[in-house]
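Trainee: Heads up: the sequence shown is residues 179 to 408, going by this note's numbering.
Backbone N, C-alpha and C define an ideal beta-carbon position, used for all residues, glycine too.
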Amino acid sequence: MSQDLSILHLVLNASVVVQLVMLLLVVISVASWAAIFRKLFSLNKVKTLNEDFEREFWSGTSLNDLFAAAAKNARDSGPMERIFASGMREYQKLREKRIVDPGTLMDGARRAMRASFQREMDVVETNLSFLASVGSVSPYVGLFGTVWGIMHAFTGLASLQQVTLATVAPGIAEALVATAIGLFAAIPAVVAYNRFARDIDRIAIKLETFIEEFSNILQRNVGAQSASGR
């Protein structure tokens with residue numbers, strides 16, 4: 179008599195423990211895909227906002243006008259614009275306190291931008307550790323389900339007088355489905371993690387480069403103001 183080895187049949191006839199493992203892996207997989215799409219959307223938005231601000235920054239618009247626009251659109255601005263606003267805000271506060279020492283002005287602006295950079299990177303890296311955990315843990319969870327299922331299958335064979343491949347195959351197939359689901363959850367998470375980690379590294383490099391370039395511009399402005407005040 180032929181055995182029904184369809185996926186649905188195997189899942190429905192698996193042991194309770196294996197079914198719970200499968201359910202857990204399905205939930206993890208759904209959560210992983212949701213995190214992947216959220217991260218994909220958020221990173222694309224970050225890239226677009228950074229590119230738009232960088233284009234405006236180098237278009238010749240004055241720093242004061244850029245700062246006013248950044249303050250006005252704070253809720254909709256990107257990481258690069260917020261880093262710029264942090265540096266300008268600290269720079270202007272120090273100027274209002276009549277601090278004219280170039281070193282003090284530049285150190286304050288740089289510290290403000292570095293602090294803002296760290297905050298922005300914390301936000302950008304959200305959910306990345308979750309994807310890494312899914313990619314590393316899911317196969318082992320699936321393997322646990324497989325081992326348990328095989329143990330359950332062989333325990334059931336102990337009472338049989340004659341054991342054939344036809345009697346062993348369904349139990350082993352049921353157990354292996356758990357490994358398959360574990361891999362199905364892990365592989366997309368690993369691929370997405372590697373892709374997002376590379377994109378985040380590029381974003382970080384771009385932001386750090388902007389901090390240095392903006393610091394140079396502020397340095398020249400401080401030098402020019404110091405020279406004119408003599």
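Pick out whichever of G327, K275, M258 has its Cα sitting closest to the Cα of A293.
Mentor: Here residue 293 is taken as the residue at index 115 of the sequence shown, counted from 1. Residue M258 is the option with its Cα nearest to A293.
Trainee: Closest by CA to V195, which one among G320, E386, L361?
Mentor: The residue you call residue 195 lines up with position 17 of the sequence shown. Looking at the Cα atoms, G320 is the closest of the given residues.
Trainee: If you run the structure through DSSP and keep just helix, strand and coil, what is V204?
Mentor: Sequence index remark: in the sequence shown, residue 204 carries index 26 (1-based). Reduced to three states, the DSSP call for V204 is helix.
Trainee: If you compare alpha carbons, which of A367, M284, N251, Q296 is closest to F308?
Mentor: Here residue 308 refers to the residue found at position 130 when the sequence shown is read from its first residue. For the residues A367, M284, N251, Q296, the minimum Cα distance to F308 belongs to A367.
Trainee: Quick one: give me the first and last residue of the alpha helix (DSSP H) that S152 is part of.
Mentor: Residue 152 cannot be examined here, being either before or after the span of the chain that is shown, 179 to 408.
Trainee: Over what stretch of residues does the alpha helix (DSSP H) that includes G256 continue unbroken?
Mentor: As a working note, residue 256 is residue 78 in the sequence shown. Unbroken run through G256: none, as it is neither H nor E.
Trainee: Hey, how far is the Cα of T324 from the Cα of S314?
Mentor: One-based indexing of the sequence shown puts residue 324 at position 146. One-based indexing of the sequence shown puts residue 314 at position 136. Going from the Cα of T324 to the Cα of S314 covers about 17 Å.
Trainee: In this structure, how does DSSP classify S193 when only helix, strand and coil are distinguished?
Mentor: In the sequence shown, the residue the question calls residue 193 occupies position 15. Coil at S193, not helix or strand.
Trainee: Around the C-beta of A212, are 16 or more other C-beta atoms found within 10 angstroms, so that it is buried, or is it exposed?
Mentor: Walking along the sequence shown from the start, residue 212 turns up at place 34. So A212 counts as exposed.
Trainee: Leaving out five residues before and five after E268 in sequence, what residues of the same chain have Cβ atoms less than 6 Å from its Cβ?
Mentor: By 1-based counting over the sequence shown, the position of residue 268 is 90. So the qualifying residues of the chain are G286, A287, A290.
Trainee: Beta carbon of E298, beta carbon of R260: below 8 Å?
Mentor: Counted from its first residue, the sequence shown places residue 298 at position 120. Counted from its first residue, the sequence shown places residue 260 at position 82. Taking 8 Å as the Cβ cut-off, E298 and R260 qualify as a contacting pair.
Trainee: Hey, could you find the ends of the alpha helix (DSSP H) E303 is sitting in?
Mentor: Here residue 303 refers to the residue found at position 125 when the sequence shown is read from its first residue. Unbroken run through E303: none, as it is neither H nor E.
Trainee: Just how far apart, CA to CA, sit R233 and N305?
Mentor: Translated into positions along the sequence shown, residue 233 becomes position 55. Translated into positions along the sequence shown, residue 305 becomes position 127. Distance between the alpha carbons of R233 and N305: 29 Å.
Trainee: For L361, which option in R273, Q296, P317 has the closest C-alpha, if you only look at C-alpha atoms?
Mentor: Translated into the one-based positions of the sequence shown, residue 361 becomes position 183. Minimum Cα distance to L361 is reached at P317.
Trainee: Hey, how far is the Cα of A363 from the Cα of N228?
Mentor: Walking along the sequence shown from the start, residue 363 turns up at place 185. Walking along the sequence shown from the start, residue 228 turns up at place 50. Cα to Cα, the separation comes out at about 32 Å.
Trainee: Just verifying my parser: in three-state terms, what is the DSSP assignment at R398?
Mentor: By 1-based counting over the sequence shown, the position of residue 398 is 220. R398: helix per DSSP, three-state reduction.
Trainee: Under 6 Å Cβ to Cβ from S240, same chain only, skipping five residues before and after it: list those, please.
Mentor: Counted from its first residue, the sequence shown places residue 240 at position 62. Result list for S240: empty, nothing under 6 Å.
Trainee: So V208 and A356 are supposed to be a Cβ contact under 8 Å. How far apart are they, rounded?
Mentor: Within the sequence shown, the letter at position 30 stands for residue 208. Within the sequence shown, the letter at position 178 stands for residue 356. Contact flag wrong, Cβ pair sits at about 16 Å.
Trainee: Could you give the distance in angstroms between the alpha-carbon of K271 and the alpha-carbon of F215?
Mentor: One-based indexing of the sequence shown puts residue 271 at position 93. One-based indexing of the sequence shown puts residue 215 at position 37. In a straight line, the C-alpha of K271 is about 40 Å away from that of F215.
Trainee: Ignore the nearest five residues each way along the sequence and tell me which others in V224's own chain have a CB closer than 7 Å to its CB.
Mentor: Sequence index remark: in the sequence shown, residue 224 carries index 46 (1-based). Correct list, in chain order: G256, P257, V302, I381.
Trainee: Reducing DSSP to helix, strand and coil, say where N222 ends up.
Mentor: Mapped onto the sequence shown, residue 222 falls at position 44. Of the three classes helix, strand and coil, the one that applies to N222 here is helix, per DSSP.
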